[in-house]
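For the sequence shown, this note's numbering assigns the number 309 to the initial residue and increments by one for each residue that follows.
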Amino acid sequence: MEMNTRLQVEHPVTEMIVGQDLVEWQIRVASGEPLPMSQSQVPLSGHAFEARIYAENVLKGFLPATGVLHHYRPVPVSSTVRVETGVGQADTVSMHYDPMIAKLVVWGENRAAALVKLKDCLSKFQVAGLPTNINFLQKLAKHWAFENGDVETHFIERFKDDLFVAPTNSKSAKEAYDAARLGATLVAACVISTEHSLLKENPPGGNRSLSIWYSPPPFRVHHCAMRTMELEWANEYDSSASNLFALSVTYKPDGSYLIKTGENCSHCMEVKAADLGNHDFRVETDAVSMDVSLAVYSKDQTKHIHIWHGSHHHHFRQKIGLELSDNDEVQHKPSFHTGSHPQGTVVAPMAGLVVKLLVKDGTKVEEGQPILVLEAMKMEHVVKAPCAGCVHGLLVTAGQQVSDGSVLFSIEVSHFTLIHLDRS
Numbered sequence: 309m310e311m312n313t314r315l316q317v318e319h320p321v322t323e324m325i326v327g328q329d330l331v332e333w334q335i336r337v338a339s340g341e342p343l344p345m346s347q348s349q350v351p352l353s354g355h356a357f358e359a360r361i362y363a364e365n366v367l368k369g370f371l372p373a374t375g376v377l378h379h380y381r382p383v384p385v386s387s388t389v390r391v392e393t394g395v396g397q398a399d400t401v402s403m404h405y406d407p408m409i410a411k412l413v414v415w416g417e418n419r420a421a422a423l424v425k426l427k428d429c430l431s432k433f434q435v436a437g438l439p440t441n442i443n444f445l446q447k448l449a450k451h452w453a454f455e456n457g458d459v460e461t462h463f464i465e466r467f468k469d470d471l472f473v474a475p476t477n478s479k480s481a482k483e484a485y486d487a488a489r490l491g492a493t494l495v496a497a498c499v500i501s502t503e504h505s506l507l508k509e510n511p512p513g514g515n516r517s518l519s520i521w522y523s524p525p526p527f528r529v530h531h532c533a534m535r536t537m538e539l540e541w542a543n544e545y546d547s548s549a550s551n552l553f554a555l556s557v558t559y560k561p562d563g564s565y566l567i568k569t570g571e572n573c574s575h576c577m578e579v580k581a582a583d584l585g586n587h588d589f590r591v592e593t594d595a596v597s598m599d600v601s602l603a604v605y606s607k608d609q610t611k612h613i614h615i616w617h618g619s620h621h622h623h624f625r626q627k628i629g630l631e632l633s634d635n636d637e638v639q640h641k642p643s644f645h646t647g648s649h650p651q652g653t654v655v656a657p658m659a660g661l662v663v664k665l666l667v668k669d670g671t672k673v674e675e676g677q678p679i680l681v682l683e684a685m686k687m688e689h690v691v692k693a694p695c696a697g698c699v700h701g702l703l704v705t706a707g708q709q710v711s712d713g714s715v716l717f718s719i720e721v722s723h724f725t726l727i728h729l730d731r732s
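What follows is the structure, encoded as structure tokens:
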């Protein structure tokens, strides 16, 4: 039996169902006071869940992630919702400390009620700027086995096909794509709505009122104004596929937008968007009204746009520096080029410290042979050769800090030609 004389990370779950402050108990006992009540006097009420919100890359085996919290909006706290966090918006999650962003703790009268509250809070917990496990936690909380309490230590491995969207699973991939397409459509409407709000506040040329050419909707002779927009979906489950949404937006006389996507603009949706302030919007489409939230920030010559709609959170990218023309005949479309490394290149799976080099540059290695060891946030990760060959370009040294995705080395495969000599 192991006994810890300290509070565990999960102690808020206990506090929620017993209605006591265990930290206060510790301080009082350390000051020589007796426990405020006996075990038989401890009340037990309801059910509680704790979800740890981490900066981590789920598809890389839950490796810790680093970055800036460009947008951070936890759910509001109440008597049944508790958020324990040590960071705020614009803070940096570095490689030097544990990547936990927050602990979300919810209480309900029973397990079912607490689980409903957990799902709702996870869908409203907004983090943008670095990878997190929030989407994964939502999938886990919605899983039928978890809902039924069929939980054990091998839960993730047992239900991995349900929890991770494999590109080969056509049904799941289509559902994810359709949700992202809706997200891109709503983003377009909200972005244009924001642009009109800014134009109204600061009219071009310092005029007091907007010209009819800029008014919502912009005036055109004998036709409706149009524009195009390209959004690249940062698909966390399949980064290899092309995830570019080309959207054609037509300004309708009633202030709504007719937004077309897909090949030959095959998918069409009419959307109204109202800017509520503080990154919140109310959108209406197909006679259904919903509230959505946006977070926009720029990084590496790219505009990043996050949208939370319903239970979904999508991340889109848009190139900076190319103005979208309002000319209906010629539209300037920013293009996205995903750079790829040569075959055999090995990049850092996470930001960290090189603590040990196990081979030298030029060493002949076998597939799976350890090459170096990275350390970050109390974790060691062994980087191995992806194939047999010779190590090339191993320029990092022990004690060097590397960023996520930076090139560590490459494996050069030797090709030999077997020549058969006929001596007859």
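For glycine and all other residues, C-beta sits at the position ideal for the given N, C-alpha and C.
For this session: Inspect the CB distances between the segment 386 to 402 and the segment 331 to 349 and report whether three or more fall short of 8 Å.
Result: no
Problem set entry | Supposed contact pair Ala487 and Phe467 - C-beta distance, whole angstroms, cut 8 Å | Not really, about 20 Å apart at Cβ, beyond 8 Å.
For this session: Tell me the start and end of each unbroken beta strand (DSSP E) in the segment 358 to 440 that is at least 3 residues and wholly inside, in chain order.
Result: 379 to 381, 389 to 393, 408 to 416, 434 to 436
Exercise. Among Cys429, Thr558, Gly369, His617, which residue has its Cα nearest to the Cα of Val596?
Worked result: His617
Exercise. Which of the three DSSP states, helix, strand or coil, is assigned to Phe553?
Worked result: strand
Exercise. In three-state terms, what does DSSP make of Gln328?
Worked result: coil
Exercise. Within this structure, are the beta carbons of Phe717 and Val654 separated by less than 7 Å?
Worked result: yes
For this session: Give the DSSP-derived three-state secondary structure of His645 in the structure shown.
Result: Any reading at His645 needs caution, since the residue's pLDDT is 40, under 50, leaving its predicted position unreliable; the model's value is listed next. Residue state, collapsed to three classes: coil.
Exercise. Where does the unbroken alpha helix (DSSP H) through Gln446 begin, and where does it stop?
Worked result: 442 to 450
For this session: In angstroms with no decimal places, state the Cα-to-Cα distance between Gly585 and Ser556.
Result: 25 Å
For this session: Pick out whichever of Leu566, Ser619, His379, Gly327 has its Cα sitting closest to the Cα of Gln349.
Result: Gly327
Exercise. Under the DSSP definition of a beta bridge, which residues are partnered with Ile567?
Worked result: Val557, Met577
For this session: Kindly list the residues whose CB is nearer than 6 Å to the CB of Val376, restricted to its own chain and excluding five residues on each side of it in sequence; keep chain order.
Result: Thr400, Gly437
Exercise. Among the residues of its own chain, which have a CB less than 8 Å from the CB of Val673, if the five just before and after it don't count?
Worked result: Val667, Ile679, Ala693, Ala696, Gly697, Cys698, Val699, Ile719
Problem set entry | N-terminal and C-terminal residue of the beta strand (DSSP E) that Ile464 is part of | From DSSP, Ile464 is part of no beta strand (DSSP E) but of the alpha helix (DSSP H) over 463 to 466.
Exercise. Does the segment 314 to 323 come within contact of the segment 349 to 359, defined as at least 3 CB pairs closer than 8 Å?
Worked result: yes
For this session: From the DSSP output, read off the bridge partner residues of Arg625.
Result: Glu540, His612
Exercise. Given a threshold of 16 other Cβ atoms within 10 Å of its Cβ, counted over all protein chains shown, does Ser431 qualify as buried or as exposed?
Worked result: buried
Problem set entry | Pair within 7 Å by beta-carbon distance, Phe491 and His623 | For clarity, residue 491 is Gly in the given sequence; the question names Phe instead. For Gly491 and His623, no; Cβs fall outside 7 Å.
Exercise. Could you give the C-beta distance for Ala449 and Leu412, rounded to a whole number, given that I count them as a contact under 8 Å?
Worked result: Rounded, the Cβ-Cβ distance is 11 Å, inconsistent with contact.
For this session: Grab the span of the beta strand (DSSP E) containing Lys692 for me, first residue to last.
Result: 687 to 692
Problem set entry | Ile325 versus His379: straight-line alpha-carbon distance, rounded | 32 Å
For this session: State buried or exposed for Asp712, treating a residue as buried only when at least 16 other CB atoms are found within 10 Å of its CB.
Result: buried
Exercise. So who's on the other strand from Ile719, going by DSSP bridges?
Worked result: Val699
Problem set entry | Cα-Cα separation between Lys607 and Gly416, rounded to whole angstroms | 40 Å
Problem set entry | Reduced DSSP secondary structure (H/G/I, E/B, other) of Val350 | coil
Problem set entry | Nearest-angstrom Cα separation, counted from Ala410 out to Ala684 | 19 Å
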